[in-house]
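A.B. asks: Those sequence lines, one after another, are chains X, Z and A. For the first sequence, the positions run 1 to 362 when this note's numbering is used. For the second sequence, the positions run 363 to 724 when this note's numbering is used. For the third sequence, the positions run 725 to 1086 when this note's numbering is used. For every residue, glycine included, the Cβ atom is placed at its ideal position computed from N, Cα and C. In this text the structure is predicted, and so the values were computed from the model without any measurement. Got a structure for you, written out below as structure tokens; questions coming shortly.
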Amino acid sequence: MSEEKTAQTVAELASLAGARVVAGGDVLVERVASVESATSGALAFVEDGKNLELAGACRASCLVVPEGSGERAREIATQVAAVVEAARPKLAFALAAEALHPPKARAAGVHPSASVAQSAEIGDGVFVGEHVTVGERARVGAGTQLLAGARVGDGVSIGAGCVLHENVVLYDGVTLGDRVILHAGVVVGADGFGYVKDGEGVYHKFPQIGTVVIEDDAEIGALSCVDRGALGETRVGRGTKIDNLVQVGHNVRIGERVVIAAQTGISGSTVIEDDAVIGGQVGFGDHARVERGAVIGSQAGVLPGKIVRAGVWWGTPVQRLDDYKRLNAHVNSLPRLREELKELRRIVNELSARLKGEEGGG
Amino acid sequence: MSEEKTAQTVAELASLAGARVVAGGDVLVERVASVESATSGALAFVEDGKNLELAGACRASCLVVPEGSGERAREIATQVAAVVEAARPKLAFALAAEALHPPKARAAGVHPSASVAQSAEIGDGVFVGEHVTVGERARVGAGTQLLAGARVGDGVSIGAGCVLHENVVLYDGVTLGDRVILHAGVVVGADGFGYVKDGEGVYHKFPQIGTVVIEDDAEIGALSCVDRGALGETRVGRGTKIDNLVQVGHNVRIGERVVIAAQTGISGSTVIEDDAVIGGQVGFGDHARVERGAVIGSQAGVLPGKIVRAGVWWGTPVQRLDDYKRLNAHVNSLPRLREELKELRRIVNELSARLKGEEGGG
Amino acid sequence: MSEEKTAQTVAELASLAGARVVAGGDVLVERVASVESATSGALAFVEDGKNLELAGACRASCLVVPEGSGERAREIATQVAAVVEAARPKLAFALAAEALHPPKARAAGVHPSASVAQSAEIGDGVFVGEHVTVGERARVGAGTQLLAGARVGDGVSIGAGCVLHENVVLYDGVTLGDRVILHAGVVVGADGFGYVKDGEGVYHKFPQIGTVVIEDDAEIGALSCVDRGALGETRVGRGTKIDNLVQVGHNVRIGERVVIAAQTGISGSTVIEDDAVIGGQVGFGDHARVERGAVIGSQAGVLPGKIVRAGVWWGTPVQRLDDYKRLNAHVNSLPRLREELKELRRIVNELSARLKGEEGGG
């Protein structure tokens, strides 16, 4: 998001954000801010009724509060000109921010230092920044922004309204949908990692001649990689969000609305279904499958071929969080277990001695 | 690999790939594809005789099958014009693909937007792409391709037939052999991570003035780093293949034909001998040694100074896979162990009570 | 560091490095090297008196040795013209190297292929390399070097004496102090990873409109990311050193003189206090806190909200190294524990049988 600001009334924002105006519908707001740092012109939010006290010293122009707490908020936040109620204040805040802080718009045009192939098709309103390269037969959809140093290979297809940040690299032939955001340094379409060893122990590349498709509204964080398919395609689904420094291997298929945190690595041909949530630094072996609605904790390790069903998973090798916790509790109580065993052995020795004594004395 | 195609006869390809023509030696093939997606003009393969049934609906022009199954393949794959047999169909397929999909050839020449130092030596047939920089006294061998935005530092030496993909950075003084492939965003020769704390707690850089040598036929994946030696060199051996987002620290020595999967990190001065295979997200402490032929599973952690001998290793701290499995089975049976202990205590209590009863009653 | 050399006398260097000249104060030295590889003109060091024997074959012009061993060093190192003593030879060596190998100085000026906004302020002696871009209202302090392909966004503020290596990207509005070094491909100020799901399961970006401040003398390794704050700022403290491929999430605050090794990832709003030392591939959940002086071993996992106090920590979930070792010893002795339990059961069964026999026989 940018620093561009577009003032809007509280009533307009409330309508966009599915919120109800308690007071100050005609107050103008031009940006969002945290409750603590907000000043005049800002919209802030309190997620939880219990945190309403935070609002006491708040200097925002508008405060979004949980449903049913508007009047109380009015009392507490005496310095705030407008109050709106929302079922989910954080969501309303994000929706208002989308309106107040739209992606930075750059004037259409091709910078003279850019190098665009004659056979490339550049749509209306496209921004091509400094030192950008666009390859032969590439197509760039309307309103897309290619920031400085972005590299678009031959035959690449980019939809409308995308933003490729600085120094992004798209290898030949990859496809992006509409409104895709790739942060600085992302690499899409590099060769997957596949080799075959010959009789002399020399590695030959298994062909990496497939492609990559990134669907509408996907966003990929800085310095992440999505490798091209070996023979088929690698796919990132619509609305999926990937953090920084993530590795997506060849022929991986990631569904829609999947969230993947930083530094996770996904080996070849693994499938992650819609709405999965993956923590940071998770590792996936090849040909694994994460089913719809599964949640995998950070640093987990998923073995090749493993199927991860809906629910919360943890650890290496990955297991259900409940099982992990149970087992972990067992491990943590090992010192006590050993004490108990020792104590039991003492008792048994005593019994043994006593019995022997009786027999001897019998 | 590129989309360039060079049609060849099945007989030619079979000869290159060490395969035997069963039928259709003069059929022309121009690309490789998977059995499922192949169409006319494509060569596909079936690795395993058990999977021959897959070939029934195959529309490839040529099918590579395991030795001894050629005639049966002929019967099943009625739509396939040519069949060849190979001891290792996947290897034959990869070798055929090397011939059919050679690296994309770009016309020799220096793009006008590139900046090449006057003192640099550029060999025959070299391609220098858009916005490339080549430093003072750098040498670039014949037929090497420097793609858009690649940065070649002062005094760098690059062999023949290399490909530096977009936005690769070579710091001053590093050396690449012949046919080295560096994928987009790779950084070679940045300072290693070494500091010395002074009496005030301030860190001073330990000198990082060594260099990096990457030998012939090595390939390094997108956004991986190989740091320069502190005082000596960091080395990646001939034919070694490194995946994306891998960190190779200063003074590391990696042997020949080593394979290292994505996001692995190797701390300073560690040695990885020839033919080792390293999984993804493995971490190596400094001064460790991986001996020839060792295989280390993903997410393993190798402590500083550890010696990893031939065989398969797993876990953190790394141990032999068999030991890991045995210990893991013990951990997994902890709930049962606890049950057994409880049961034993019950029996002992009973014995104890009975004995006391006898004594009391005696 | 560069290959630039500035010859200095041993006396000058000893003075800079807090060392005492034993012999050869007027000998000229022009570079540092390891004891093994040093030749005439080089300064080398031996950290430990026990390693003095290494010096026997040393061909350096000057040797730094531990205090009190200078005369002995003189005897052993007969080929070395100068000997100096230091309380901490490695530190003295690093300090001498700072003098002998200053950062490569590039002549001030803006390369014609660079693109610098008219509203940008470029200080004295600034080097702007090939294909660099500097945005509107950006300020670049005196003597700073922006190497080829570096991208400086609108409103960025860079202090004096910084080095931005090739293809570094600074998003709009970030701030660097003085003498900050960013290695190739570093990305500072990309959007943090924060989304809010709406009723249809669609993710909306939580606003990422904060900024990043990197204080004086910080150094960040190749291909690391520091995300901008969501609403506030992300901060990297003075003199902090971060290795390659590290992820620093939004609103993280890293103190002064912190050291963070490669591939570590730090989730949003986590605080790392002054003088902490963090190994490689460590993962931090959000809102964790690492207190001053804590040391965390490689591959550790710190849960969200966890407070890590001074001392040495290890493992996932992170625990004190002593506790980890104790527990690990328990886990490793599980096979023996099971044997002991089995043996105890055998004894109890025997007792049981004996008691039953007595009763039966009674």
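Quick check: the Cα distance between R812 (chain A) and P790 (chain A), rounded to an integer number of angstroms?
C.D. replies: For the purposes of this step, residue 812 (chain A) is taken as the residue at position 88 of the third sequence. For the purposes of this step, residue 790 (chain A) is taken as the residue at position 66 of the third sequence. Taking the straight line joining both Cα atoms gives about 6 Å.
A.B. asks: Between which residues of its own chain and A797 (chain A) is the CB-CB distance below 7 Å, once the five residues before and five after are set aside?
C.D. replies: Locating residue 797 (chain A) in the third sequence gives position 73, where the first residue counts as 1. Around A797 (chain A): L776, A779, L787, V789 and V807.
A.B. asks: So which residues on chain A does V331 (chain X) lean against when the C-beta distance must stay under 9 Å?
C.D. replies: Here residue 331 (chain X) refers to the residue found at position 331 of the first sequence. Going along chain A in sequence order, the residues near V331 (chain X) (Cβ under 9 Å) are L1051, H1054 and V1055.
A.B. asks: Listed in chain order, which residues of the region 165 to 191 of chain X have Cβ atoms closer than 8 Å to some Cβ of chain Z?
C.D. replies: From the region 165 to 191 of chain X, only N167, V169, Y171, D172, G173, G185, V187, A190 and D191 have a Cβ closer than 8 Å to chain Z.
A.B. asks: Contact check, G155 (chain X) vs R137 (chain X) under 8 Å by CB: the rounded distance?
C.D. replies: Your numbering for residue 155 (chain X) matches position 155 in the first sequence. Your numbering for residue 137 (chain X) matches position 137 in the first sequence. G155 (chain X) to R137 (chain X), Cβ: 5 Å. Contact.
A.B. asks: Relative to chain Z, which residues along the region 985 to 1010 of chain A have a C-beta separation below 8 Å, given in chain order?
C.D. replies: From the region 985 to 1010 of chain A, only A985, A986, Q987, D999, G1004 and Q1005 have a Cβ closer than 8 Å to chain Z.
A.B. asks: With a floor of 3 residues, list each beta strand (DSSP E) that falls wholly inside the region 500 to 578 of chain Z, ordered by position along the chain.
C.D. replies: Taking only runs of at least 3 residues, the beta strand (DSSP E) segments lying wholly in the region 500 to 578 of chain Z are 557 to 559, 565 to 567 and 573 to 576.
A.B. asks: Return the chain-ordered list of same chain residues with a C-beta closer than 8 Å to the C-beta of E130 (chain X), the five sequence neighbours on each side being excluded.
C.D. replies: Within the first sequence, the letter at position 130 stands for residue 130 (chain X). Same-chain partners within the cutoff: H111, S113, A114, A148 and G149.
A.B. asks: What's the C-alpha gap between F206 (chain X) and I616 (chain Z)?
C.D. replies: Along the first sequence, read from residue 1 onward, the residue named residue 206 (chain X) stands at position 206. Along the second sequence, read from residue 1 onward, the residue named residue 616 (chain Z) stands at position 254. Computed Cα separation, rounded: 22 Å.
A.B. asks: Cutting at 6 Å between CB atoms, please list the residues of its own chain near A369 (chain Z), excluding the five before and the five after it.
C.D. replies: Locating residue 369 (chain Z) in the second sequence gives position 7, where the first residue counts as 1. Within the same chain, A369 (chain Z) has close Cβ partners L390 and E392.
A.B. asks: Counting C-beta neighbours from all protein chains within 10 Å, is the total for A831 (chain A) 16 or more, i.e. buried, or is it exposed?
C.D. replies: Residue numbering aside, residue 831 (chain A) sits at position 107 when the third sequence is read from its first letter. When all chains shown are included, A831 (chain A) counts as exposed.
A.B. asks: Does K603 (chain Z) pass the burial test, meaning 16 or more other C-beta atoms within 10 Å, or should it be called exposed?
C.D. replies: Position 241 of the second sequence, counting from 1, holds the residue named residue 603 (chain Z). Buried.
A.B. asks: Assuming R651 (chain Z) and A638 (chain Z) make a contact with CB atoms under 8 Å, what is their CB distance in whole Å?
C.D. replies: For the purposes of this step, residue 651 (chain Z) is taken as residue 289 along the second sequence, with counting starting at 1. For the purposes of this step, residue 638 (chain Z) is taken as residue 276 along the second sequence, with counting starting at 1. About 10 Å separates the two Cβ atoms, so there is no contact after all.
A.B. asks: In the DSSP output, what is Q971 (chain A) paired with across the bridge?
C.D. replies: Taking the third sequence and counting its residues from 1, the one referred to as residue 971 (chain A) is at position 247. Partner(s): A:C949 and A:G989.
A.B. asks: For E98 (chain X), would you say it is in contact with chain A, using Cβ-to-Cβ distances shorter than 8 Å as the test?
C.D. replies: Working through the first sequence from its first residue, we reach residue 98 (chain X) at position 98. Yes - at least one Cβ of chain A is within 8 Å of the one on E98 (chain X).
A.B. asks: Taking G594 (chain Z) as the reference, which of A:S761, A:G1025 and A:L1061 has the closest Cα?
C.D. replies: Taking the first residue of the second sequence as 1, we reach residue 594 (chain Z) at position 232. The residue with the shortest Cα to Cα distance from G594 (chain Z) is A:S761.
A.B. asks: Which residue from Z:D685, Z:I582 and Z:R682 puts its Cα closest to that of G601 (chain Z)?
C.D. replies: On the second sequence, residue 601 (chain Z) is found 239 positions in, with the first residue counted as 1. The option with the nearest alpha carbon to G601 (chain Z) is Z:I582.
A.B. asks: Tell me which residues of the region 467 to 494 of chain Z have at least one Cβ-Cβ distance to chain A shorter than 8 Å, keeping chain order.
C.D. replies: Answer set for the region 467 to 494 of chain Z: S475, S477 and H493.
A.B. asks: With distances taken from CA atoms, which of A:D941, A:V898 and A:E924 is nearest G859 (chain A)?
C.D. replies: Translated into positions along the third sequence, residue 859 (chain A) becomes position 135. That would be A:V898, whose Cα lies nearest to the Cα of G859 (chain A).
A.B. asks: Distance check for Q1043 (chain A) and I1020 (chain A), CA to CA, integer angstroms please.
C.D. replies: The sequence position of residue 1020 (chain A) within the third sequence is 296, counting from 1. The sequence position of residue 1043 (chain A) within the third sequence is 319, counting from 1. Those two C-alpha atoms are separated by around 9 Å.
A.B. asks: Entirely within the region 370 to 445 of chain Z and at least 4 residues each: give me those alpha helix (DSSP H) ranges in chain order.
C.D. replies: As far as the region 370 to 445 of chain Z is concerned, its whole alpha helix (DSSP H) runs of at least 4 residues are 372 to 378 and 432 to 438.
A.B. asks: Buried or exposed: V674 (chain Z), going by 16 or more other Cβ atoms within 10 Å of its Cβ?
C.D. replies: Sequence index remark: in the second sequence, residue 674 (chain Z) carries index 312 (1-based). Label assigned to V674 (chain Z): exposed.
A.B. asks: Using a Cβ-Cβ distance under 8 Å, would K90 (chain X) count as near chain A?
C.D. replies: Within the first sequence, the letter at position 90 stands for residue 90 (chain X). K90 (chain X) counts as touching chain A.
A.B. asks: Quick one: is E635 (chain Z) buried, meaning 16 or more other Cβ sit within 10 Å of its Cβ, or exposed?
C.D. replies: Here the question's residue 635 (chain Z) lines up with position 273 in the second sequence. Its Cβ being crowded by 16 or more others within 10 Å, E635 (chain Z) is buried.
A.B. asks: Confirm, please, whether the CB-CB distance from G647 (chain Z) to V664 (chain Z) is below 8 Å.
C.D. replies: Residue numbering aside, residue 664 (chain Z) sits at position 302 when the second sequence is read from its first letter. Residue numbering aside, residue 647 (chain Z) sits at position 285 when the second sequence is read from its first letter. Yes, Cβ-Cβ distance for V664 (chain Z) and G647 (chain Z) is below 8 Å.
A.B. asks: Identify the contact partners of S37 (chain X) in chain A, using a Cβ-Cβ distance below 9 Å as the criterion.
C.D. replies: Within the first sequence, the letter at position 37 stands for residue 37 (chain X). Here the neighbours are L955 and G956.
A.B. asks: Going by other Cβ atoms of all chains shown within 10 Å of its Cβ, with 16 needed for buried, is G719 (chain Z) buried or exposed?
C.D. replies: The residue given as residue 719 (chain Z) occupies position 357 in the second sequence. It counts as exposed.
A.B. asks: Please look up how many angstroms separate the CB atoms of S267 (chain X) and G280 (chain X), rounded, as I've assumed it's under 8 Å.
C.D. replies: Counting from 1 along the first sequence, the entry for residue 267 (chain X) is found at position 267. Counting from 1 along the first sequence, the entry for residue 280 (chain X) is found at position 280. Not quite, the Cβ-Cβ distance comes to about 17 Å (not below 8 Å), so this is no contact.
A.B. asks: Do you know offhand how far L223 (chain X)'s Cα is from V186 (chain X)'s?
C.D. replies: Numbered from 1 along the first sequence, position 223 holds the residue referred to as residue 223 (chain X). Numbered from 1 along the first sequence, position 186 holds the residue referred to as residue 186 (chain X). Whole-angstrom Cα-Cα distance: 4 Å.
A.B. asks: Compile a chain-ordered list of the residues in the region 1054 to 1078 of chain A whose CB is closer than 7 Å to at least one CB of chain X.
C.D. replies: Taking 7 Å as the Cβ-Cβ cut-off against chain X, the residues of the region 1054 to 1078 of chain A that qualify are H1054, V1055, L1061, E1064, L1065, L1068, I1071, V1072, L1075 and R1078.
A.B. asks: On the three-state DSSP scale, how would you describe E3 (chain X)?
C.D. replies: Position 3 of the first sequence, counted from the first residue, corresponds to residue 3 (chain X). Interpretation of E3 (chain X) is limited by its pLDDT of 47, a score under 50 that renders its predicted location unreliable; the figure taken from the coordinates is listed afterwards. Residue state, collapsed to three classes: coil.
A.B. asks: Helix or strand or just coil, what does DSSP make of V858 (chain A)?
C.D. replies: Taking the third sequence and counting its residues from 1, the one referred to as residue 858 (chain A) is at position 134. Here V858 (chain A) sits in strand by DSSP.
A.B. asks: Would you list the one or two residues that DSSP bridges to S477 (chain Z)?
C.D. replies: In the second sequence, residue 477 (chain Z) corresponds to position 115, counting from 1. DSSP lists Z:T495 as partners of S477 (chain Z).
A.B. asks: Rounded to whole angstroms, what is the Cα-Cα separation between G794 (chain A) and E809 (chain A)?
C.D. replies: The residue you call residue 794 (chain A) lines up with position 70 of the third sequence. The residue you call residue 809 (chain A) lines up with position 85 of the third sequence. Using only the alpha carbons, I get a separation of about 6 Å.
A.B. asks: Just to make sure I have the definition right: I need the residues of chain X whose C-beta is within less than 8 Å of the C-beta of A395 (chain Z). Which are they?
C.D. replies: Reading the second sequence from its first residue, position 33 is the one you call residue 395 (chain Z). In chain order: L231.
A.B. asks: Any idea if E890 (chain A) is buried or exposed, counting beta-carbon neighbours within 10 angstroms, 16 or more meaning buried?
C.D. replies: The sequence position of residue 890 (chain A) within the third sequence is 166, counting from 1. E890 (chain A) should be labelled buried.
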